[in-house]
Structures are given as C-alpha cells and as structure tokens.
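Student: Chains as they are written, first to last, in the numbering used here: chain A, 1 to 112; chain B, 1001 to 1110.
We put the CB at the ideal spot given by N, CA and C, even for glycine.
Remember, it's a predicted structure, so these values are computed and weren't measured experimentally.
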C-alpha cells in the first residue's frame, strides 16, 4: 500500500534561519507531488507541485522553493524564514488529475 | 486567480440537526472533491463529483455538483458529534492542480 511520510511534525525556527522540510512517498511510481500551506482553521494554499523529477511549478511568489531530487521525494526550502512563513505545511501526492489527493500529517512551523 | 469560497465559515449546531455547506466559484472545474480534516492531520477525501448535476450520497452526507460545474454543496442529515471537523472543497480546473476552498469548520454538540 502507498504511504506518505512528512517530517518533522513540528518546528520552531528563528527569523532569518533556513528551512528544509522533506516528504517521501512509498508504494507508487511517478506520483504528482504537492506542497500546501494552511493558516489555522482555514483552506489550503497551493505552493508548489511537481509532475516529475526536476519539474517544479510555483503557484505563489515568495521566499520558498521546492525541489524533487528523486521520483518520490519532495523538499520545501527557504534560505531565510520570515514571520509570515509560519503555518501548517502539508505534502500530498496523487496518481492522476481528478484522483484523490493523499496527504501527510503535516509540519507545524512557527517562526519566532 | 481561481478562488473557491465556502459558506458558512463556521457552523455550530446541535446533534440531530441538518446543515448545508456551499462551495462557490466563478471558474469551471473538471471535477470537485470534498475533504474532511481533523486537527493536526491532513485532509481525507470524502467524495469526488465529476458530472454537472451529479449527486452522490455517503451515508448521511449528500454531495451535489452544480450543473455548470462551478459550485457544489454538502448536505448532512441528522448531524452527529463525529461529524465535527473542517470541511474543504477542492476544484480541479485542469490536469494537475487542486484548488482548495476557504473551509467550513463544523462543530456538532451532543
């Protein structure tokens, strides 16, 4: 069966520090991968998605970047965090358009 | 920019009451999905609707896709405390992107 791992679960970082969040998927090949950010109790904002290794589409201009170094690995990074980067970050995968999105358990990032 | 507005934003009701959540957009979607999210977890898919006018039922939950494929509704009959959570609609405008709604937080009181 397919599983998605996302870590760390929680993270507290000072303003100006770098960020690296990692997501890996098991049990499927060539998944579409996604990074979303969620404000408390609200909807999900699409940040990046990838349909293949090295292929990254950015939806929101900001100080975050994403990379897909391997087929089932998706990384969210920042060189210098801002206070506004605080939030709940979710990684997800799907097989085809219209198919369900399968989410990890998220990373709660607090920038202080 | 494609937006999906959900209403109401918050809903607190007594057990046994009925409710409807709306998901509206000015954009056309090839399909629309509904998810439910528990605190500290990722959303979990409830249903996908694809055809304009389509109605799907999942036990006490009824989902409808608008005829023009721009809007959807979720109706819950005889709500139970276990229905408490954040309900999210998500539109698929093309092939890869999933655009999420603003969310509806439901609390069902026993």
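Consult DSSP for residue 69/A and reduce its assignment to one of helix, strand or coil.
Tutor: Here residue 69/A refers to the residue found at position 69 when the first chain is read from its first residue. Three-state result, residue 69/A: strand.
Student: Starting from residue 72/A, find everything on chain B with Cβ-Cβ shorter than 9 Å and list it in chain order.
Tutor: Here residue 72/A refers to the residue found at position 72 when the first chain is read from its first residue. Residues of chain B passing the Cβ test: none, with the nearest at roughly 17 Å.
Student: Determine which residues of the stretch 1069-1102 of chain B have a Cβ less than 8 Å from any Cβ of chain A, and write them out in chain order.
Tutor: So the list reads 1086, 1088, 1090, 1092, 1094, 1095, 1096, 1097, 1098, 1099, 1100, 1101 and 1102, given in the order they occur along the chain.
Student: Taking the straight line between their C-alpha atoms, what separation do you get for residue 54/A and residue 70/A?
Tutor: Residue numbering aside, residue 54/A sits at position 54 when the first chain is read from its first letter. Residue numbering aside, residue 70/A sits at position 70 when the first chain is read from its first letter. Their Cα atoms are separated by approximately 8 Å.
Student: How about residue 1076/B and residue 1088/B: do their beta carbons lie closer than 7 Å?
Tutor: Here residue 1076/B refers to the residue found at position 76 of the second chain. Here residue 1088/B refers to the residue found at position 88 of the second chain. No, they are not a contact pair.
Student: When we look at the beta-carbon of residue 1063/B and count the other beta-carbons within 10 Å, is it buried (16 or more) or exposed?
Tutor: Translated into the one-based positions of the second chain, residue 1063/B becomes position 63. With 16 or more other Cβ atoms within 10 Å, it is buried.
Student: Among 1066/B, 1048/B and 1067/B, which has the Cα closest to the Cα of residue 1058/B?
Tutor: Taking the first residue of the second chain as 1, we reach residue 1058/B at position 58. Of 1066/B, 1048/B and 1067/B, the residue nearest in Cα terms is 1048/B.
Student: Given 8 Å as the limit, is there contact between the stretch 31-49 of chain A and the stretch 89-106 of chain A, that is, 3 or more CB pairs closer than that?
Tutor: Touching, yes.
Student: Grab me the residues of residue 6/A's own chain with a C-beta within less than 7 Å of its C-beta, minus the 5 sequence neighbours each way, in chain order.
Tutor: Sequence index remark: in the first chain, residue 6/A carries index 6 (1-based). Closer than 7 Å at Cβ, skipping near neighbours: 23, 91, 104, 105, 106 and 107.
Student: Report the CB separation of residue 68/A from residue 50/A in whole angstroms; it is logged as a contact under 8 Å.
Tutor: The count along the first chain starts at 1 and reaches residue 68/A at position 68. The count along the first chain starts at 1 and reaches residue 50/A at position 50. At roughly 5 Å, the Cβ-Cβ gap stays under 8 Å, so residue 68/A and residue 50/A are in contact.
Student: Starting from the beta carbon of residue 1058/B, find every residue of chain A whose beta carbon is closer than 9 Å, and list them in chain order.
Tutor: Residue numbering aside, residue 1058/B sits at position 58 when the second chain is read from its first letter. Here the premise fails: no neighbours, minimum Cβ distance about 14 Å.
Student: Report the partner residues of residue 1017/B according to the DSSP bridge assignment.
Tutor: As a working note, residue 1017/B is residue 17 in the second chain. None; residue 1017/B has no bridge partner.
Student: Beta-carbon of residue 1038/B versus every beta-carbon of chain A: anything under 7 Å?
Tutor: Here residue 1038/B corresponds to residue number 38 of the second chain, with the count starting at 1. It does not: the Cβ of residue 1038/B has no partner Cβ on chain A nearer than 7 Å.
Student: Between residue 1008/B and chain A, is the shortest Cβ-Cβ distance under 7 Å, so that the two count as touching?
Tutor: Walking along the second chain from the start, residue 1008/B turns up at place 8. Chain A contact via Cβ: absent.
Student: Mapping the DSSP letters down to three states, classify residue 54/A as helix, strand or coil.
Tutor: Taking the first chain and counting its residues from 1, the one referred to as residue 54/A is at position 54. Residue 54/A: coil per DSSP, three-state reduction.
Student: Does DSSP put residue 1067/B in a helix, a strand or coil?
Tutor: For the purposes of this step, residue 1067/B is taken as the residue at position 67 of the second chain. Correct three-state label for residue 1067/B: coil.
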